[in-house]
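Chemist: Okay, handing you the structure first.
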Amino acid sequence: MTHLAESAAKRSAYIYAVLRVVPNVEREEFMNVGVVLYCRPQRFLDARVALDRQRLCALAPNLDANTVALIQAHLDLVPQICAGRGLIGQLAQSERFRWLAAPRSTMLQTSETHGGLCIDPFVELEHLFDLLVRNLPY
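Quick note on this note's numbering: the sequence shown kicks off at 876 and runs consecutively.
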């Protein structure tokens, strides 16, 4: 087996969705605030979230503090659901991912799901979070 084939054999398929805040649904403007990644072969489901309040207020200056706090509270639940906490956390990992990634017409939405291959889903989640939420270069 070649080195390239060995490397490909060690990789696992994963899917992910980007969490977005859409302050004004009618305008369809959004801000990426998290990533949820599910890797079935490695039994991995986790999320990274970060709400940049200053950036959100620049995008939607009319949001009140209570709404921003509610958005933060909902975002804080996502990693807990991934970890199996709460009522939704009692579902199987695949069902939790589908529930978290389901389309919504609220201020918190998700992108379409995307897929890839990785060796370590934790490292891949961090990479995607840096790229898509923190806007760090490759």
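Note that the Cβ used here is the ideal one computed from N, Cα and C, for glycine as well.
1) Suppose you measure from the CA of residue 916 to the CA of residue 945; what does that come to, to the nearest Å?
2) Should residue 996 go down as buried or exposed, given a rule of 16 or more other Cβ atoms within 10 Å for buried?
3) Which residues in the same chain have their Cβ closer than 8 Å to the Cβ of residue 903, if we skip the five residues on either side of it in sequence?
4) So, helix, strand or coil for residue 962, using DSSP?
5) Count Cβ pairs between the segment 929–945 and the segment 993–1010 that sit closer than 8 Å; are there 3 or more?
6) Can you tell me which of the three DSSP states residue 887 falls into?
7) Across the segment 999–1008 and the segment 951–960, are there enough close Cβ pairs to call them in contact, namely three or more that are closer than 8 Å?
8) Runs of 3 residues minimum, wholly inside the segment 912–937: which ones carry the beta strand (DSSP E) assignment?
9) Find out if the Cβ-Cβ distance for the pair residue 910, residue 923 is shorter than 7 Å.
10) Return the chain-ordered list of same chain residues with a C-beta closer than 8 Å to the C-beta of residue 879, the five sequence neighbours on each side being excluded.
11) Just to confirm, is the Cβ distance from residue 895 to residue 905 under 7 Å?
12) With DSSP run on the structure shown, which of helix, strand or coil describes residue 907?
13) Let me know if residue 985 comes out buried or exposed under the rule of 16 or more other beta-carbons within 10 Å of its beta-carbon.
Modeler: Reading off the structure:
1) 34 Å
2) buried
3) Excluding residues within five positions, the ones whose Cβ falls inside 8 Å are 897.
4) coil
5) no
6) strand
7) no
8) The qualifying runs are 919–924.
9) yes
10) At residue 879 the pLDDT is 48, less than 50, meaning the model places this residue with poor confidence; the figure from the coordinates comes in the next sentence. No residues qualify anywhere along the chain.
11) Result yes, Cβ atoms of residue 895 and residue 905 sit closer than 7 Å.
12) strand
13) buried
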